[in-house]
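**Student:** Protein chains in written order, with my numbering: chain A, 586 to 880; chain B, 6 to 355. Here you go, one structure.
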C-alpha cells in the first residue's frame with residue numbers, strides 16, 4: 586500500500602540525471618550558439634545604448650518640452666499636459682531624472698518592438714483559425730509563466746545586460762497587443778466586409794482600408810496594455826542589468842531603504858499614469874466618428 | 006423573347022450548406038426535400054435547382070419569406086457565396102469559372118450591390134463611401150471624388166459629403182448605399198432587401214428614386230424583397246422562392262391573376278387588387294372601339310372604376326402605349342377582376 590500514501594515518483598538519481606541532461610543540453614546550446622545570437626542582437630544593443638544616451642544627454646528642458654508636446658498631440662487635454670509637467674518637475678527635483686530617462690528609453694524601445702512584432706502576428710491570427718489555435722497557447726504561457734523562470738535561459742544565452750532585459754520585458758509585454766489586434770480584426774462587422782468584397786476589394790485593400798482602421802481602437806487598447814506591462818517589468822529587468830528606476834528599487838529592497846524605494850516606485854507609477862491617460866485619450870479620439878464624427 | 010435580351014442565365018443552381026454537401030446534392034437531385042435532408046445528412050438546402058433568365062435593362066424581383074433562399078441566390082451572382090453545383094452565365098462566360106483575379110475584376114466593373122443593413126464604412130465619410138468602388142480600382146482621387154460627387158448630388162445628398170454614416174438617418178444612409186453602388190457604373194445592380202429596413206414613407210420615397218434613376222439608366226437590377234407591394238411597384242418580372250425552390254417566375258400581373266400554388270396565393274391574399282391589377286389583365290380582346298371612354302392598358306382597376314362610375318353601362322375602350330385599340334372592359338369584368346380567384350377561398354368575415 587506504499588504507493589497509495591506516497592506518490593510513486595521517479596527515483597532521485599533518475600531525476601537528477603534528467604535535470605542534468607536538460608541543463609547540459611542547454612549549456613551546450615548556449616555555448617555553441619550564444620555568440621551568434623549575441624551578435625545577432627548587436628545592432629539592437631547599439632540602438633538601445635544610443636537611444637538611452639540621447640535621452641540622458643539632451644538638456645532636460647528640451648526633453649520636458651518634447652514630452653509635453655507629445656502629451657498635447659495625443660490627448661488634446663490641458664489637464665494632462667499640466668499634470669505631466671508637474672510630475673516630471675517633481676521627478677527631476679528628487680534627483681531621479683537620469684534613471685527616469687533610462688527607463689523611458691527602454692520602455693519606448695520595448696513598446697516599439699512589441700508593436701512591430703505583435704501587430705503582424707495578430708493579423709496572421711485573424712486571417713487563419715489554425716494560426717490562432719497555434720499562437721494562443723504560446724501567449725497563455727508567456728502571460729502566466731513566472732518572469733524569473735524565463736529569465737534563466739535568457740541570461741544563460743545572452744548574459745546580463747540591456748538586450749536580455751529588453752527581451753524579458755518584451756516576452757512579458759507582447760501578449761496584449763497580439764491578442765487585441767486579432768480580436769479587433771475579427772470583430773469587424775461582417776456586413777461591412779461583405780460590402781468591400783462585393784466591390785472587388787482584394788485582401789490587402791480590405792485589411793488596410795477596412796479591417797485595420799475599424800480595429801484601431803481595439804489595437805490601441807492593446808498598445809496601452811503593452812506599455813503598462815512593460816513598465817511593470819522595470820524592476821525585474823533591473824535584476825539582469827537594465828539601468829533605470831528599477832535599480833534603486835532593487836537596492837531599497839535589499840537594504841530596507843524605505844524612502845528610496847517609495848520615491849522610485851512612485852516615479853514608475855507616475856510614468857504609467859501619464860502613458861495610460863495620453864494613449865487612452867488618443868484611442869478615444871480615434872473612434873470619434875462612432876458617435877458624432879465630423880470634426 | 007430573343008436570347009440577346011437575356012443578360013444573366015442561372016442554370017440548375019444548387020446550394021447546400023453543411024459538411025458533405027456533394028453527397029447531399031445527389032439526395033436533393035433525387036427529390037429529397039429541405040426538412041428530410043436536414044434530418045438525414047445535417048445539411049441545409051439553400052437553393053434547389055434554380056433556373057432564371059434575367060433580362061437586360063429590367064428589374065427582376067426575387068421574392069420569398071425569410072429563409073426561402075433569396076439572399077443566398079443574389080449572393081451567388083457575385084459569388085459572395087459559392088454554389089454546390091450549377092452555372093451562372095453572364096456574356097457567354099460562366100461566372101462560377103472565374104479565377105480569383107477575374108472575379109475581383111468582374112465585381113469591380115460589372116456588378117455592384119446595395120445591402121439591407123446599408124453596410125457603409127463607418128470610418129469613411131459619405132464622399133469616401135460613395136467613391137470606394139472606384140478608389141480600390143486605383144483611380145486617382147480627383148477622378149473618383151468628382152464622380153462620387155455627381156452621384157451624391159443625384160441621390161439628393163448634396164452638402165453631406167464630409168459627414169460620417171453614423172450622423173445620417175437610415176434613409177440617407179441607404180441613399181449613400183445606392184450612390185456607392187451606382188458610382189462604379191456597373192451594368193448590374195444587386196439589391197438585397199435594400200429598402201426593408203426603412204420606414205414605410207422613406208421606403209416609398211426610395212422606391213421612387215430607384216424607378217426614377219432606372220428610367221434614365223436602364224440598368225439590370227436584381228431586387229430582393231419580401232414585400233409584395235414593393236415587388237409589384239418596381240418589378241418588371243417577379244420570381245417567387247420557397248424553401249430554396251423557384252415556385253413561380255412571371256410577369257407581375259400574371260402572379261396576381263394566376264398564382265401557381267397555395268404559397269403564392271397566400272402571398273397575394275392581402276393585396277388591394279383594385280390598385281395593382283391593370284386593364285390588360287382583365288380586358289376582352291377586340292380591335293373595335295367601344296361606346297365608353299378610352300383608357301391605357303396599364304391603368305389599374307381602381308382608376309377605371311372611377312371613370313366607369315359616370316356611365317356604368319358603357320364599356321371602356323383599352324388602348325396600348327402606341328394608341329392602338331387592344332380591347333374593352335365592361336362593369337362585370339371589373340367586378341370579376343377585383344374578386345379573389347376561386348382557389349383563394351372567399352375568406353370573408355362579418
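Ideal Cβ positions, reconstructed from N, Cα and C, are used throughout, including at glycine.
Under three-state DSSP, which class holds residue 725 of chain A?
**Tutor:** Indexing the first chain from 1 puts residue 725 of chain A at position 140. Helix.
**Student:** Cβ closer than 7 Å: which chain A residues qualify as neighbours of residue 85 of chain B?
**Tutor:** By one-based count along the second chain, residue 85 of chain B stands at place 80. Neighbours of residue 85 of chain B on chain A, chain order: 779, 782 and 783.
**Student:** Exposed or buried, which one is residue 257 of chain B when buried takes at least 16 other CB atoms within 10 Å?
**Tutor:** One-based indexing of the second chain puts residue 257 of chain B at position 252. The residue in question, residue 257 of chain B, is buried, as its Cβ has 16 or more Cβ neighbours within 10 Å.
**Student:** Considering residue 597 of chain A, what are the terminal residues of the alpha helix (DSSP H) in which it resides?
**Tutor:** Translated into the one-based positions of the first chain, residue 597 of chain A becomes position 12. Run containing residue 597 of chain A: 597 to 625, per the alpha helix (DSSP H) assignment.
**Student:** Just confirm the distance between the C-beta atoms of residue 748 of chain A and residue 867 of chain A, as a whole number of angstroms; I'd bet it's less than 8 Å.
**Tutor:** Reading the first chain from its first residue, position 163 is the one you call residue 748 of chain A. Reading the first chain from its first residue, position 282 is the one you call residue 867 of chain A. About 30 Å separates the two Cβ atoms, so there is no contact after all.
**Student:** Counting contacts by CB-CB distance shorter than 8 Å, is residue 725 of chain A in contact with chain B?
**Tutor:** Position 140 of the first chain, counting from 1, holds the residue named residue 725 of chain A. Chain B contact via Cβ: absent.
**Student:** Can you pull the chain A residues whose beta carbon is under 7 Å from the beta carbon of residue 109 of chain B, in chain order?
**Tutor:** Taking the first residue of the second chain as position 1, residue 109 of chain B is located at position 104. Simply 785 and 787.
**Student:** Suppose the cutoff is 6 Å on Cβ atoms and the five residues either side in sequence are ignored; what does the same chain contact list for residue 278 of chain B look like?
**Tutor:** What you label residue 278 of chain B is simply residue 273 of the second chain in a count that begins at 1. Counting only Cβ-Cβ distances below 6 Å, and skipping sequence neighbours, we find 343.
**Student:** Cβ of residue 319 of chain B within 8 Å of Cβ of residue 289 of chain B?
**Tutor:** For the purposes of this step, residue 319 of chain B is taken as residue 314 along the second chain, with counting starting at 1. For the purposes of this step, residue 289 of chain B is taken as residue 284 along the second chain, with counting starting at 1. Not in contact: residue 319 of chain B and residue 289 of chain B (Cβ atoms no closer than 8 Å).
**Student:** Give the interface partners of residue 761 of chain A over in chain B, defined as CB-CB distance under 8 Å, in chain order.
**Tutor:** On the first chain, position 176 is the one that residue 761 of chain A refers to. Within 8 Å Cβ-Cβ: nothing; residue 761 of chain A doesn't reach chain B, min ~23 Å.
**Student:** Does the stretch 170 to 188 of chain B come within contact of the stretch 99 to 113 of chain B, defined as at least 3 CB pairs closer than 8 Å?
**Tutor:** With the cut-off at 8 Å, the stretch 170 to 188 of chain B and the stretch 99 to 113 of chain B do not touch.
**Student:** Have a look at B/335, B/216 and B/76 and flag the residue whose alpha-carbon is nearest the alpha-carbon of residue 287 of chain B.
**Tutor:** Counting from one through the second chain, the residue named residue 287 of chain B turns up at place 282. With distances taken between Cα atoms, residue 287 of chain B lies closest to B/335.
**Student:** On the three-state DSSP scale, how would you describe residue 319 of chain B?
**Tutor:** What you label residue 319 of chain B is simply residue 314 of the second chain in a count that begins at 1. In the structure shown, residue 319 of chain B sits in coil (DSSP, three-state: anything other than H, G, I, E or B).
**Student:** Using 10 angstroms around the beta-carbon of residue 137 of chain B, count the other beta-carbons present and answer buried if the total reaches 16, otherwise exposed.
**Tutor:** As a first step, residue 137 of chain B is located in the second chain; it is residue number 132 there, counting from the start. Looking at its Cβ environment, which holds 16 or more other Cβ atoms inside 10 Å, residue 137 of chain B is buried.
**Student:** If you follow the alpha helix (DSSP H) that residue 49 of chain B is in, where does it begin and where does it stop?
**Tutor:** As a working note, residue 49 of chain B is residue 44 in the second chain. From DSSP, residue 49 of chain B is part of no alpha helix (DSSP H) but of the beta strand (DSSP E) over 49 to 60.
**Student:** Which partner residues of residue 228 of chain B appear in the DSSP bridge assignment?
**Tutor:** Looking up residue 228 of chain B in the second chain gives position 223. According to DSSP, which records beta bridges pairwise, residue 228 of chain B is partnered with B/66 and B/196.
**Student:** For residue 799 of chain A and chain B, any beta-carbon pair shorter than 8 Å?
**Tutor:** Indexing the first chain from 1 puts residue 799 of chain A at position 214. With 8 Å as the cut-off, residue 799 of chain A counts as an interface residue toward chain B.
**Student:** Can you tell me which of the three DSSP states residue 143 of chain B falls into?
**Tutor:** Within the second chain, numbered from 1, the residue matching residue 143 of chain B stands at position 138. Coil.
**Student:** Taking contact to mean 3 or more Cβ pairs, one atom from each stretch, closer than 8 Å, check whether the stretch 39 to 59 of chain B and the stretch 8 to 26 of chain B are in contact.
**Tutor:** These segments touch.
**Student:** Pick out whichever of A/642, A/758, A/799 and A/740 has its Cα sitting closest to the Cα of residue 872 of chain A.
**Tutor:** Counting from 1 along the first chain, the entry for residue 872 of chain A is found at position 287. Considering only alpha carbons, the answer is A/799.
**Student:** In the structure shown, what three-state DSSP assignment does residue 162 of chain B receive?
**Tutor:** Position 157 of the second chain, counted from the first residue, corresponds to residue 162 of chain B. Reduced to three states, the DSSP call for residue 162 of chain B is coil.
**Student:** Can you name the residues of chain A whose CB is closer than 8 Å to the CB of residue 138 of chain B?
**Tutor:** Here residue 138 of chain B refers to the residue found at position 133 of the second chain. Near residue 138 of chain B (Cβ distances below 8 Å), the residues of chain A are 784 and 785.
**Student:** Which residue's Cα is closest to the Cα of residue 180 of chain B: B/225, B/164 and B/123?
**Tutor:** Here residue 180 of chain B corresponds to residue number 175 of the second chain, with the count starting at 1. Looking at the Cα atoms, B/123 is the closest of the given residues.
**Student:** Against residue 666 of chain A, what residues of chain B qualify as contacts under a CB-to-CB distance less than 7 Å, listed in chain order?
**Tutor:** The residue given as residue 666 of chain A occupies position 81 in the first chain. Under the 7 Å cutoff, chain B gives no residues; its nearest Cβ is about 28 Å from residue 666 of chain A.
**Student:** Considering only residues of the same chain and omitting the five flanking positions on each side of residue 340 of chain B, which have a CB-CB separation below 8 Å?
**Tutor:** Reading the second chain from its first residue, position 335 is the one you call residue 340 of chain B. Nothing listed; no residue qualifies.
**Student:** Checking contacts by CB at 8 Å: is residue 790 of chain A closer than that to chain B?
**Tutor:** As a first step, residue 790 of chain A must be located in the first chain, where it is residue number 205. Residue 790 of chain A counts as touching chain B.
**Student:** Quick one: what's got a C-beta closer than 7 Å to residue 33 of chain B's C-beta in the same chain, skipping five residues either side?
**Tutor:** Indexing the second chain from 1 puts residue 33 of chain B at position 28. If we look at residue 33 of chain B and ignore the five residues flanking it on each side, its Cβ neighbours are 19, 21, 42, 50 and 53.
**Student:** Using a cut-off of 7 Å between C-beta atoms, extract the partners of residue 795 of chain A located in chain B.
**Tutor:** Walking along the first chain from the start, residue 795 of chain A turns up at place 210. Correct list: 126.
**Student:** Is the shortest distance between the beta-carbon of residue 148 of chain B and the beta-carbons of chain A less than 8 Å?
**Tutor:** As a first step, residue 148 of chain B must be located in the second chain, where it is residue number 143. No, no contact with chain A.
**Student:** Output yes if chain B places a C-beta closer than 8 Å to the C-beta of residue 776 of chain A; else output no.
**Tutor:** Taking the first chain and counting its residues from 1, the one referred to as residue 776 of chain A is at position 191. True, the Cβ-Cβ gap to chain B drops below 8 Å.
**Student:** Quick check on DSSP: helix, strand or coil for residue 334 of chain B?
**Tutor:** Reading the second chain from its first residue, position 329 is the one you call residue 334 of chain B. Strand at residue 334 of chain B.
**Student:** 8 Å is my cut-off, CB to CB: does residue 211 of chain B come that close to chain A?
**Tutor:** Walking along the second chain from the start, residue 211 of chain B turns up at place 206. Closer than 8 Å: no.
**Student:** From what residue to what residue does the beta strand (DSSP E) around residue 252 of chain B run?
**Tutor:** Walking along the second chain from the start, residue 252 of chain B turns up at place 247. Per DSSP, residue 252 of chain B belongs to the beta strand (DSSP E) from 250 to 255.
**Student:** For residue 283 of chain B and residue 36 of chain B, what's the separation of their Cα atoms in angstroms?
**Tutor:** In the second chain, counting from the first residue as 1, residue 283 of chain B sits at position 278. In the second chain, counting from the first residue as 1, residue 36 of chain B sits at position 31. Those two C-alpha atoms are separated by around 38 Å.
**Student:** Do residue 751 of chain A and residue 619 of chain A have their C-beta atoms closer together than 8 Å?
**Tutor:** The residue labelled residue 751 of chain A in the question sits at position 166 within the first chain. The residue labelled residue 619 of chain A in the question sits at position 34 within the first chain. Not a contact, by the Cβ cut-off of 8 Å.
**Student:** For the alpha helix (DSSP H) that residue 864 of chain A lies in, which residues bound it at each end?
**Tutor:** In the first chain, counting from the first residue as 1, residue 864 of chain A sits at position 279. Here the alpha helix (DSSP H) through residue 864 of chain A covers 843 to 871.
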